[in-house]
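The structure appears below as structure tokens.
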Amino acid sequence: IVEQRVRSRRTGSQWILTNYNKLLAEENCSTEEALVAVTAGIVSRQQKGRPVHEWDWVTLEESGYWIHKYWRVEHIMSTDLFTVQKDDLVDLAACIMDWKHIRHVPVEDENGCLVGLITSGILLKHYADTCTEVKKMLAVSDIMIHDPIFVPPETLTLDAVKIMKKHRVGCLPVVKGNRLAGIVTEHDLMNISARLLEEFSRHQ
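Mapped onto the numbering used here, the consecutive letters of the sequence shown carry residue numbers 200 to 403.
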């Protein structure tokens with residue numbers, strides 16, 4: 200077994216890292232989904248008693264039934280956040296949106312507390328309505344939404360969807376203990392819808 204493992208150049212840690220990165224790259228899933236799938240994959244393969252170098256690759260389906268993956272906001276929210284502070288220039292928020300291909304940038308204070316929100320719609324209106332000289336002087340606090348609607352991590356995903364529809368917003372910052380913990384966007388919900396439809400079709 201040792202000889203075969205050396206020949207295949209596959210150790211347990213290599214298998215974990217390869218599968219984790221593969222899921223993130225190919226399945227467009229969250230880090231939590233990838234970790235759950237890899238962990239479940241390890242357990243199921245260990246129970247079969249096969250050596251690591253014979254293990255096949257993990258699939259996203261191994262992370263479990265959809266109700267356990269997407270039931271609450273904390274299961275689907277993005278935690279790799281790009282934020283600005285209220286004294287930053289508006290141009291910085293615009294650059295972040297452009298660089299990271301996102302449409303919402305939370306505004307937080309020095310303690311990590313949510314104090315506002317900048318959206319692509321706000322920026323579009325700002326650049327369309329404001330003269331060039333004034334644009335260079337404005338800070339994020341001058342144009343941000345000062346009291347954005349937010350939810351706690353334990354909010355049901357369906358409730359989050361209802362809130363977004365009711366208030367016609369494209370995202371919901373997620374706050375835990377007064378601190379910004381994540382964000383849920385229309386893009387996240389679209390990805391979930393696609394996965395649920397795929398899972399549903401597999402069971403038909």
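Think of the CB as a built atom: it goes at the ideal place given N, C-alpha and C, for glycine as much as any other residue.
The alpha carbon of E273 has as its nearest neighbour, out of G263, P372, H325 and L395, the alpha carbon of P372. With three or more CB-CB distances shorter than 8 Å, the region 297-313 counts as touching the region 372-383. Assignment of R244 by DSSP, reduced to helix, strand and coil, places it in the helix class.
For A293, the enclosing alpha helix (DSSP H) begins and ends at V289 to K299. Contact annotation: the region 290-298 does not touch the region 351-360, with fewer than three C-beta pairs closer than 8 Å. Residue burial is scored here from C-beta neighbours: N218 has at least 16 other C-beta atoms within 10 angstroms and is therefore classed as buried. Going by DSSP, H303 is part of the beta strand (DSSP E) stretching over H303 to E307. Here A236 is actually not in contact with E253; their C-beta atoms are around 19 Å apart, not less than 8 Å.
In the structure shown, S277 falls within a strand segment according to DSSP collapsed to helix, strand and coil. Taking 9 Å as the cut-off, the Cβ atoms of M343 and L316 count as close. Collapsing the DSSP output to three states places L395 in a helix.
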